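**Student:** Have a look at this one.
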Amino acid sequence: MTTQTPNLFSPFLAGGLQLENRIVMAPMTRQFSPNGVPTQDVAGYYKRRAQGGTGLIITEGTTVNDEVATMDANIPQFHGDAALAGWKHVVEEVHSVGGKIMPQLWHVGMARVAEKAPFPELASAGPSGLFKPGKQGAEPMTQAHIEKVIGAFAQAAADAQAIGFDGIEIHGAHGYLIDQFFWEGTNQRTDSWGGSMDNRGRFAVEIIKAIRGATSPDFPIVLRYSQWKQQDYSARLAHTPQELEAFLLPLSEAGVDIFHCSQRRYWESEFEGSELNLAGWTKQITGKPTITVGSVGLSDDFFGAFKGQGSETRAVDDLLERLNKQEFDLVAVGRALLQDPNWANKIRDNKTEELKQYSASALASLS
Ligand SMILES: Cc1cc2nc3c(=O)[nH]c(=O)nc-3n(C[C@H](O)[C@H](O)[C@H](O)COP(=O)(O)O)c2cc1C
Numbered sequence: 203m204t205t206q207t208p209n210l211f212s213p214f215l216a217g218g219l220q221l222e223n224r225i226v227m228a229p230m231t232r233q234f235s236p237n238g239v240p241t242q243d244v245a246g247y248y249k250r251r252a253q254g255g256t257g258l259i260i261t262e263g264t265t266v267n268d269e270v271a272t273m274d275a276n277i278p279q280f281h282g283d284a285a286l287a288g289w290k291h292v293v294e295e296v297h298s299v300g301g302k303i304m305p306q307l308w309h310v311g312m313a314r315v316a317e318k319a320p321f322p323e324l325a326s327a328g329p330s331g332l333f334k335p336g337k338q339g340a341e342p343m344t345q346a347h348i349e350k351v352i353g354a355f356a357q358a359a360a361d362a363q364a365i366g367f368d369g370i371e372i373h374g375a376h377g378y379l380i381d382q383f384f385w386e387g388t389n390q391r392t393d394s395w396g397g398s399m400d401n402r403g404r405f406a407v408e409i410i411k412a413i414r415g416a417t418s419p420d421f422p423i424v425l426r427y428s429q430w431k432q433q434d435y436s437a438r439l440a441h442t443p444q445e446l447e448a449f450l451l452p453l454s455e456a457g458v459d460i461f462h463c464s465q466r467r468y469w470e471s472e473f474e475g476s477e478l479n480l481a482g483w484t485k486q487i488t489g490k491p492t493i494t495v496g497s498v499g500l501s502d503d504f505f506g507a508f509k510g511q512g513s514e515t516r517a518v519d520d521l522l523e524r525l526n527k528q529e530f531d532l533v534a535v536g537r538a539l540l541q542d543p544n545w546a547n548k549i550r551d552n553k554t555e556e557l558k559q560y561s562a563s564a565l566a567s568l569s
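This is the structure:
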């Protein structure tokens, strides 16, 4: 297949990042880290994906140092000696087989259900205390809390660099804390953190700048964002390319190296009159490399996975055509890689008949 998929298996070079191919493991929460500490099983799980030919692994969301950043005690955290030692071991295992890995730094914001989370006595955090329009769960975040969380992201990035990660990804997508700032539906602040697009983007801009200041200039910063929200799949941050430009340029200027553009189906065009998807527009507007994602190698979007549904495998030909045209630079794969650690090598070697069909039962263990 090497001849048919030259660009999927061509190296990628940007700033301080060198990858053997264009396949990225998408971040997927697995909840197998008791008390927030990633175990040997977690290390083995990522090592198998690196051995299977994945060019870059982005870990499951791992939470920054704020009591209300997480929503479950089995989600790995990215602070404290035990968790960082666990992550260091994950990095060593992945590097030992030639892989590359970045943690996805996360704060869940108002998606946290206090009663089910660590520190149930504490209120969840959001720009306006809203999980979605009309669903108030807390008071708006204070200035001091906002500054604390910005500092927590910067510290996590500095720690990531110190323990050997190849960069970091900021989780700014899917209706979690950073996206709650981006989205008018959950950000109704009237101070400098809300209102205009610039103000709503400011929380992320300050996080990016703080991370830049806490890490070396060539340490890669990836930002994941999405138009859709878990609260409303049809929500949009930008309705036109002009609005998207106003949203993206401050983030790009603050220091993002790569944008990870989350769609439920990568083949859906973003704006009428053009076939470009979200990653395509983002690359065109910012001039920065982009990662596309959404049902690669599968026939339907991933919400079924949470209802216990599987998905048929699907040819990747149209994806390759877009990659060849340089609509985007990297391709993230979620469920297909969760199901099959050797997905990348099987595509490379044209062993598509050996690909395992995705079944939601794969969520039950770290195989
Ligand atoms: C079990 C599961 C957990 C996920 N957890 C995260 C997460 O922690 N952070 C994130 O940004 N996206 C998360 N996602 C979304 C995936 O990164 C990806 O965008 C989505 O699954 C679409 O890719 P796919 O169709 O290749 O699976 C998750 C998806 C699944 C299926």
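In this note's numbering, the protein residues as written are 203 to 569. Glycine is no exception: its CB is placed at the ideal position from the N, C-alpha and C atoms. Since the structure is predicted, the reported quantities are computational estimates derived from the model, not experimental observations.
Helix, strand or coil for F333, going by three-state DSSP, please let me know.
**Tutor:** strand
**Student:** Using a 10 Å radius around the Cβ and a threshold of 16 neighbouring Cβ atoms, would you call T494 buried or exposed?
**Tutor:** buried
**Student:** Touching or not, the stretch 321-330 and the stretch 297-305, by the rule of three or more beta carbon pairs under 8 Å?
**Tutor:** no
**Student:** For R426, list the residues DSSP reports as bridge partners.
**Tutor:** H373, H462
**Student:** In whole angstroms, give me the CA-to-CA distance for G387 and P335.
**Tutor:** 5 Å
**Student:** I'd like to know whether the C-beta atoms of V266 and S326 end up nearer to each other than 7 Å.
**Tutor:** no
**Student:** When you compare the stretch 374-385 with the stretch 287-303, are there three or more beta-carbon pairs, one atom per stretch, that lie closer than 8 Å?
**Tutor:** Here the stretch 374-385 makes no contact with the stretch 287-303; the two share fewer than three CB pairs at distances below 8 Å.
**Student:** Could you check where the beta strand (DSSP E) with T265 kicks off and where it finishes?
**Tutor:** Membership of T265 in the beta strand (DSSP E) is indicated by the continuous run 258-265.
**Student:** Does DSSP classify V533 as helix, strand or coil?
**Tutor:** strand
**Student:** For a test of the three-state rule: what should DSSP assign to P452, helix, strand or coil?
**Tutor:** helix
**Student:** As an exercise, report each continuous beta strand (DSSP E) stretch of at least 3 residues that is fully enclosed by the stretch 252-323, in chain order.
**Tutor:** At a cut-off of 3 residues, the continuous stretches assigned as beta strand (DSSP E) that sit fully inside the stretch 252-323 are 258-265, 303-308.
**Student:** Determine, using beta carbons only, whether G374 and L425 come nearer to each other than 7 Å.
**Tutor:** The answer is yes: Cβ separation under 7 Å.
**Student:** I'd like the span of the beta strand (DSSP E) that includes M343, first residue to last.
**Tutor:** No beta strand (DSSP E) holds M343; DSSP gives it neither H nor E.
**Student:** Counting pairs of beta carbons, one from the stretch 220-228 and one from the stretch 250-266, are three or more of them closer than 8 Å?
**Tutor:** As far as the Cβ criterion goes, the stretch 220-228 touches the stretch 250-266, which means the pair count is three or higher.
**Student:** Pull up the CB-CB distance for M570 and R314, whole angstroms please, since I reckon it's below 8 Å.
**Tutor:** Only positions 203 to 569 of the chain appear in this structure, which leaves residue 570 out of reach.
**Student:** I believe K450 touches T484 by the beta-carbon criterion, under 8 Å. Please report the beta-carbon distance rounded to the nearest angstrom.
**Tutor:** The amino acid at residue 450 is misidentified as Lys; the sequence shows Leu. Going by Cβ atoms, the distance from L450 to T484 rounds to 6 Å, so yes, they are a contact pair.
**Student:** Beta-carbon within less than 8 Å of E445's beta-carbon, same chain only, minus the 5 sequence neighbours each way: which residues are those?
**Tutor:** Correct list, in chain order: M399, L439.
**Student:** Cα separation between I413 and V310?
**Tutor:** 19 Å
**Student:** Given V239, which residues of its chain have a CB within under 6 Å of its CB, disregarding the five upstream and five downstream residues?
**Tutor:** Cβ-Cβ distances below 6 Å link V239 to A284, A285, G288 in the same chain, with the five nearest sequence neighbours on each side left out; the list follows chain order.
**Student:** Just verifying my parser: in three-state terms, what is the DSSP assignment at M227?
**Tutor:** strand
**Student:** Name the DSSP bridge partner or partners of D434?
**Tutor:** K431
**Student:** Beta-carbon within less than 7 Å of T231's beta-carbon, same chain only, minus the 5 sequence neighbours each way: which residues are those?
**Tutor:** E262, G263, I277
**Student:** Compute the distance between the beta-carbons of P543 and R251, then report whether it is under 7 Å.
**Tutor:** yes
**Student:** What span of residues does the beta strand (DSSP E) with Q220 cover, start to end?
**Tutor:** 219-221
**Student:** What do you reckon, is the C-beta of T241 under 6 Å from a heavy atom of ligand 1?
**Tutor:** Closer than 6 Å to some heavy atom of ligand 1: that does not describe the Cβ of T241.
**Student:** Hey, out of T554, F505, E474, S212, whose CA is closest to Q465's CA?
**Tutor:** Comparing Cα-Cα distances from Q465 to each of T554, F505, E474, S212, the minimum goes to F505.
**Student:** Using only alpha-carbon positions, find the residue among R550, G353, S418 that is nearest to N209.
**Tutor:** Closest option to N209, Cα to Cα, is R550.
**Student:** Might you give, ordered along the chain, the residues of its own chain that have their beta carbon closer than 6 Å to the beta carbon of T205, omitting 5 neighbours on each side?
**Tutor:** Caution is warranted here: a pLDDT of 46 is assigned to T205, below 50, making its placement in the model unreliable, and no coordinate value can be reported.
**Student:** Taking three-plus beta-carbon pairs below 8 Å as touching, is the stretch 401-419 in contact with the stretch 341-361?
**Tutor:** yes
**Student:** Alpha carbon to alpha carbon, how far is A169 from L453?
**Tutor:** Within the shown structure, residues of the chain are numbered from 203 to 569, placing residue 169 beyond reach of any answer.
**Student:** Using a threshold of 6 Å, is the CB atom of V495 nearer than that to any non-hydrogen atom of ligand 1?
**Tutor:** Yes.
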